[in-house]
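Participant:
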Amino acid sequence: MESSKYCAICFGGITRAHWTQSLTTVLIRESRVDIGSIRYDQNTILQVSRSLLRPEEQTQIRLIPSQSYTPAEAFIMHTSCYRLVCEFAGHEVRPHQIYRLCQATQPDQERCFLNETNRFPYMWPDPYTILTPRKSLSSSEDSWLFFKPGKAHYGSTFLFKLPPEIMLLILQHLPPSDLVRFFRTSRQALSYASLFCQLNPLHFFRCSTGATNCSEDKQILMLALSTWTRYEELDLRWQLVTKVCELAKLLSFLSDIGLAVGPTPNPRAPLLHVQHQHGLHEDLIEIPNNVKNIQVCSILLAGRRYICGIGVDTGESCLFYGNKTESLRTLDINNRELEAIGLAEDALGVRSMRCGTSPWVFGDPETLGCWGGLSVPQGRRKIQIIRDALKIRYLNWYHETAPLFEETLLIRNQHPSLSSHEFISEELYVQRNQGKERGLVTRFGNFPTEAIRFSRELQHLTLHGGGGLNGISGLSIQTNSESYCVGSCKGASSSMTLHTPDESLSEIDVRISNLYPLALIFRTSWNRELFVEPRQLGEGVQCEIKALRPPPDHCITGLYFRFEGSVIVSVGLIFALSESMN
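Just so it is clear: in the sequence shown, position 433 is 433 by the UniProt record's numbering, and no numbers are missing.
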C-alpha cells in the first residue's frame, strides 16, 4: 500500500523533529477503514502501520516523497495533528470520518495546479504539547518590577481611547508575535491580555507559564513570551492550530455517501484509485424540461468557498445532490435552452459556476484567483458531478462522446471561450507529450494551464530558463499598467523591449524534440526575435518547428502554458479580432 509522505492534515513533512516522526494512519483494509500508528524509520522503505483497532494486524506502507503524488487509499497524519482534530471536534471521531475528511481535503496533485498546496516549513513546533517558555518568570525580578506601582511604562493613550470591543476586534487579526510585543508596551496594554486570550484561545493555544490559580496568569504569560526569542515558531504554531480547528469543524458536514453503495466507475474522477465503498461518487442529474432554477450551495474550506451541493427545482419538486448549506444561490434557467456551463476550479474542486451569461454564483475565476473552464451540452439533459464527502470535485454536462478541445482545458483566471471576444484553437496549441495530456483528459476530463495576457499593451517580454536540456521555466511581461509573471521567473533570462504601439508580437515558433524540452522563439511585427539561447542539439537529434500565428485579421492577446515540474511542456495562443483591440 502507498501513501504520501506528507501529513494529510497540515501537509507538513517528516523532519528531524521527533514529534513529526510519530504518525497516525487511516487506510482501507478489506473494504473497511482501519486506523493505525507508525513510528517512522528512515532506514526502511516500507513503514509498518500497527492497527489500533486490531493490535495483531499490521500493514506495510510505502511513503511517496513526490509532491505530485495524490494519495487515495491510505493517509498519514502527524499524531499531534490527529489529536488536535479529535480535541477540536468535541466528540468521538470514527475512523471512516477521519478517512473521509482526509480524502475531501486532499488537493489533486497529479494535474499540477501551480502554487496550490501551502506546506508548513520543515521546522515548526509541536502544536499539541504545552509550550512553557519560562516557568519561573512569575517570581522573577523582571515580572515584579513590571507590576510594581509607579514602575510600569505607559504607552500612547490614543489607541486606548477606542472602545474595548473595537480594540479586541483589531487585536484578533494580529499574529501572536505582534500581540506579545503590544501587550509588553505598557500596563494598560497588558490589561487586555486575559480577556483577549479568553475570546481568542487559538492564538496562544496550550501556552502556559506553569502557574495555577493566578488571576494574572495570562499577563505573566505575555511577559514570559516576550523573553522567548522564537517568535516565528509561535506564529507558525498559531497558523497550524487554526487550520486544524477549521478542519475539525467540517466533520459535522461529512455526508454519508458511499456507506451502502459502491463508488463511481468513472475513470475521470479525481483521486479515483479507490474502488471501495468509501470512494468518490458520481451523480447524473436530470434537467427536466419544466425546470425553474438550479440551486447551488457552498461550503467554506481553507478560507475558500467550494460548491458542495446542487438541486433541481421544477416548482413542484426539488431534488438535491450533495450537502445543503445556508450559503445558497439560484441559477434561473426557466424557458432557456441548454447553454454552456462556466466553471471556476482549483486543486480541491469546483468553486463557482454559471449557466450561459448568467452571473457567477460565488465569484468569477479571476476574482477567485483560480482556473476557468467550461462544459458544452451535447444533446442529453444531464449534468454529471463527482463528489467527495464534503464538496463537488468535478462538474460538467454529461457526454457520450469525446469532449471538445476547449472543454479539456482549465485556464488560469479566465477561459477565453467564456469571453465574447477571445478565442483559442487546437491548431494553435503545441504539446511536447500528447499521450500524457490525453491520459489526463481520460482520467480527469481536463487539466490546468497557466495564462498570461497582454493585448497591444505589451512593452517588455522576458523568458526565464537555461534553454537546451533545462527548458523554459517562466515568462514575465510588462504592459502599460502592470507587470506579470508565470512560472519561475528566476535565474538566467533573455528579454526584449517592444516599440509600442507600432511593434507587436506576431508569431511564436515552437521547437519540439523527444530529447529536449520545448524551445520558444518570439517574433515581432518588425521581424525581431526573442529566445533563450539553446545548447547545440546533438548529432542525429530530430526536431520539428511549428509556427503559431493568429488567423488573418486577428492579433495575439495572450498565451497559455502547461507546466510539468518547473518547465513549460505545452503552449497555445489566445487571440482576438484586431478591430476589437483598437
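Positions of the beta carbon are idealized from the N, C-alpha and C atoms, including for glycine.
I need the straight-line Cα distance from Pro176 to Leu84, nearest angstrom please.
Facilitator: 19 angstroms
Participant: Which word fits Arg562, buried or exposed, when buried means at least 16 other C-beta atoms lie within 10 angstroms of its C-beta?
Facilitator: buried
Participant: Can the beta-carbon of Ile310 be found less than 8 angstroms from the beta-carbon of Val296?
Facilitator: yes
Participant: With 16 as the cutoff for other CB atoms within 10 Å, does Lys249 come out buried or exposed?
Facilitator: It counts as exposed.
Participant: By alpha-carbon positions, which one of Asn514, Arg528 and Asp502 ends up nearest to Ser495?
Facilitator: Arg528
Participant: Please name the residue, chosen from Glu366, Lys436 and Thr401, that lies closest to Val377 on a Cα-to-Cα basis.
Facilitator: For the record, residue 377 in the displayed sequence is Pro; it is not Val. Here the closest residue by C-alpha is Thr401.
Participant: In its own chain, which residues sit with a C-beta less than 8 angstroms from the C-beta of Ser136, not counting the 5 before and 5 after it?
Facilitator: Confidence is the limiting factor: at Ser136 the pLDDT is only 45, short of 50, which leaves the residue's position unreliable, though a coordinate-based value still follows. Nothing meets the Cβ criterion.
Participant: Determine the contact status of residue 593 and Ala302, defining contact as a CB-CB distance below 8 angstroms.
Facilitator: Within the shown structure, residues of the chain are numbered from 1 to 582, placing residue 593 beyond reach of any answer.
Participant: Who are the Cβ neighbours of Ile14 in its own chain at under 7 angstroms, not counting the five residues just before and after it?
Facilitator: Lys5, Thr20, Gln21 and Tyr40
Participant: In whole angstroms, what separates the C-alpha of Arg535 from that of Ser570?
Facilitator: Residue placement at Arg535 is poorly supported in this model, since its pLDDT is 47, which falls under 50; the coordinates still yield a value, given next. Rounded to whole angstroms, Arg535 to Ser570 spans 20 angstroms at the Cα level.
Participant: Which residues does DSSP list as the beta-bridge partners of Asn293?
Facilitator: Per DSSP, Asp313 and Asp332.
Participant: Report the partner residues of Lys546 according to the DSSP bridge assignment.
Facilitator: Val510
Participant: What's the call for Cys102, buried or exposed, on a 16-neighbour Cβ count within 10 Å?
Facilitator: buried
Participant: So what does DSSP say about Asn282, is it helix, strand or coil?
Facilitator: Here residue 282 turns out to be Glu, not Asn, going by the sequence shown. Glu282: strand per DSSP, three-state reduction.
Participant: Thinking C-beta only, is Ile411 closer than 8 angstroms to Trp371?
Facilitator: yes
Participant: Specify the secondary structure class of Trp228 as computed by DSSP and reduced to three states.
Facilitator: coil
Participant: Run the CB neighbour count on residue 585, radius 10 Å, all protein chains shown included, and call it buried at 16 or more, exposed below.
Facilitator: Absent from the model: residue 585. The displayed extent of the chain is 1 to 582, so no value can be given.
Participant: Can you give me the C-alpha to C-alpha distance between Val261 and His281, rounded to a whole angstrom?
Facilitator: Bear in mind that a pLDDT of 44 at Val261, under 50, signals an unreliable position, so the number given afterwards is only what the model happens to contain. Cα to Cα, Val261 sits roughly 9 angstroms from His281.
Participant: So if DSSP puts Lys382 in a beta bridge, which residue, or which two residues, is it bridged to?
Facilitator: Glu286
Participant: Check for me: the alpha helix (DSSP H) holding Gly439 runs from which residue to which?
Facilitator: Gln434 to Phe444
Participant: Since Gln384 and Leu284 are thought to touch, with beta carbons under 8 angstroms apart, how far apart are those beta carbons, to the nearest angstrom?
Facilitator: Contact flag correct, Cβ pair sits at about 6 angstroms.
Participant: In its own chain, which residues sit with a C-beta less than 8 angstroms from the C-beta of Lys557, not counting the 5 before and 5 after it?
Facilitator: It is Thr, not Lys, that sits at residue 557 in the sequence shown. Once the five neighbours on either side are set aside, the close Cβ partners of Thr557 are Glu422, Arg453, Phe454, Ser455, Ile574, Phe575, Ala576 and Met581.
Participant: How long is the line joining the alpha carbons of Ile512 and Gly373, rounded to whole angstroms?
Facilitator: 27 angstroms
Participant: Exposed or buried, what is Glu326 when buried is set at 16 or more other beta-carbons lying within 10 Å of its beta-carbon?
Facilitator: exposed
Participant: Please return the same chain residues whose Cβ sits closer than 6 angstroms to the Cβ of Gln172, not counting the five positions on each side in sequence.
Facilitator: Asn200
Participant: Determine the burial state of Tyr154: buried for a count of at least 16 other Cβ atoms within 10 Å of its Cβ, exposed for fewer.
Facilitator: Residue placement at Tyr154 is poorly supported in this model, since its pLDDT is 49, which falls under 50; the coordinates still yield a value, given next. Exposed: under 16 other Cβ atoms inside 10 Å.
Participant: What is the DSSP secondary structure of Leu271, reduced to helix, strand or coil?
Facilitator: With a pLDDT of 45 at Leu271, under the threshold of 50, the modelled position of this residue cannot be trusted, and the question is left open.
Participant: How far does the alpha helix (DSSP H) with Ala104 in it reach, from first residue to last?
Facilitator: Pro95 to Thr105
Participant: At which residues does the beta strand (DSSP E) containing Pro365 begin and terminate?
Facilitator: No beta strand (DSSP E) holds Pro365; the alpha helix (DSSP H) holding it covers Pro365 to Leu368.
Participant: Take Ala8 as the anchor and find which of Ala224, Thr24, Arg523 and Cys86 has the nearest alpha-carbon.
Facilitator: Thr24
Participant: At which residues does the alpha helix (DSSP H) containing Pro164 begin and terminate?
Facilitator: Pro164 to Leu171
Participant: Give every residue of the same chain whose Cβ lies closer than 6 angstroms to the Cβ of Tyr429, excluding the five residues on either side of it in the sequence, and list them in chain order.
Facilitator: Gly572
Participant: Put Glu361 into one of helix, strand or coil per three-state DSSP.
Facilitator: The sequence given here has Val at residue 361, not Glu. In the structure shown, Val361 sits in coil (DSSP, three-state: anything other than H, G, I, E or B).
Participant: Report the three-state DSSP secondary structure of Thr209 (helix, strand or coil).
Facilitator: coil
Participant: Per the DSSP calculation, His460 is bridged to which residue(s)?
Facilitator: Looking at the DSSP output, His460 sits in a beta bridge with Gln478 and Thr497.
Participant: When DSSP labels each residue in this structure, what does Asp34 get in the three-state scheme?
Facilitator: strand
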